[in-house]
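*Asks:* Position one of the sequence shown corresponds to residue 212 (the working numbering), numbered consecutively onward.
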Amino acid sequence: MAQTTGAMSGVNVAVYYSNDGTNFTDISGSVSSVTPSGFNRQSGEVYSFDGDHAIIGKGKREPLEVEVNTVYSELAGEAFVVAWTEFDADDGDSFWFRWVNTSGGSTYTTDTGVLLSLLPPSGEAAPGDPLVASATLKCAQVNKT
């Protein structure tokens, strides 16, 4: 097989959030990365007296987590401020993330999820790098369209 010429760059990724699953707001200007935990499926195994290998069973898909790393800002509508508000709501509000390569490619949208964790801003004193923060969403699946 010939080497691919269809490689995509993260330079053109747009990231959105929603708190109703319908209206998505662009937060690309304050997001530095999106990292899904990966798709996994439950499995089981059993051994019989005959044969040398396990008998493998397949089960349900496991939920996954999506970590969104942000440049920390306290401006209204920016990623961490919105995530903090949703996380701080009683019982946690429903939340969605969506990301897409704007130069062509698939759109990935989480199912209804819950914000599991927030990592407040952190950084080092010396280098002058912007502070970063993150939010992690747990959802049943990510849909690719």
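All C-beta atoms, glycine included, are put in the ideal place defined by N, C-alpha and C.
(1) Quick check: what's the CA-CA separation for F298 versus S243?
(2) Can the beta-carbon of R202 be found closer than 7 Å to that of T296?
(3) G324: buried (16+ other C-beta within 10 angstroms of its C-beta) or exposed?
(4) Do you know offhand how far I343's Cα is from T236's?
(5) In the DSSP output, what is P341 paired with across the bridge?
(6) Have a look at F306 and L286 and give me their C-alpha separation to the nearest angstrom.
(7) List in chain order: all unbroken alpha helix (DSSP H) runs of 4+ residues lying wholly within the segment 249-319.
(8) Measuring CB to CB, does V224 end up less than 7 Å from N312?
(9) Using a Cβ-Cβ distance under 7 Å, would L342 count as near chain D?
*Replies:* In short, the structure shows the following:
(1) 20 Å
(2) Outside the displayed range of the chain (212 to 356) lies residue 202, so it cannot be described from this structure.
(3) buried
(4) The sequence as given places Val at residue 343; Ile does not occur at that position. Cα-Cα distance, rounded: 20 Å.
(5) The partner list for P341 (beta bridge, DSSP) is empty, contrary to what the question assumes.
(6) 20 Å
(7) 290-299
(8) yes
(9) Chain labels in this structure do not include chain D; a single protein chain is all it has.
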